[in-house]
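Here is the structure we will look at, set down as structure tokens.
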Amino acid sequence: MLGAAVMVPCAALLAGFSGSLVIGLAALAVFIIGFEYGVVSLIPVATDLYAGLPGKGFGLVIGAGTFGRGVLTVIATGLYDDTGVVGACVAAMVCAALSALTITAFAARRSPSVGR
């Protein structure tokens, strides 16, 4: 959840300062770090999706992530062509916020399989 939460303000900063190379690169770097942190820290949650079947949950999360990146690549490219970096950043903020909310909701109601 922390990774997705870091991505939202970074995307907003990148959209707001799209004309500044230094601020834009710094915001993009932290955004990417937040994304990677979010992916890696989600591995334990993914393996707990199905009790006793950690590979199934992990595989579904990897598959969904790959599908999402493929679809959003097309959407972000269209937004970038139409509105510049601001449109792509707004889409990234919405996706990151939805991810953070979904992860928080799932984590609040799950019971970890470790130690059972």
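All residue numbers for the sequence shown refer to the numbering used here, where the first residue is 572 and numbers rise by one. A virtual CB, placed ideally from N, CA and C, is assigned to each residue, including glycine. Values in this document were obtained by computation on a predicted structure and should not be read as measured data.
- Within its own chain, the residues whose Cβ lies closer than 6 Å to the Cβ of Val-577, once the five positions on either side in sequence are excluded, are Gly-605, listed in chain order.
- Taken through DSSP and simplified to helix, strand or coil, Ser-612 comes out as helix.
- By the C-beta density criterion, Phe-638 is exposed, having fewer than 16 other C-beta atoms within 10 angstroms.
- In the three-state reduction of the DSSP assignment, Gly-623 falls in the coil class, being assigned neither a helical nor a strand state.
- Per DSSP, the unbroken alpha helix (DSSP H) holding Met-664 starts and ends at 656 to 680.
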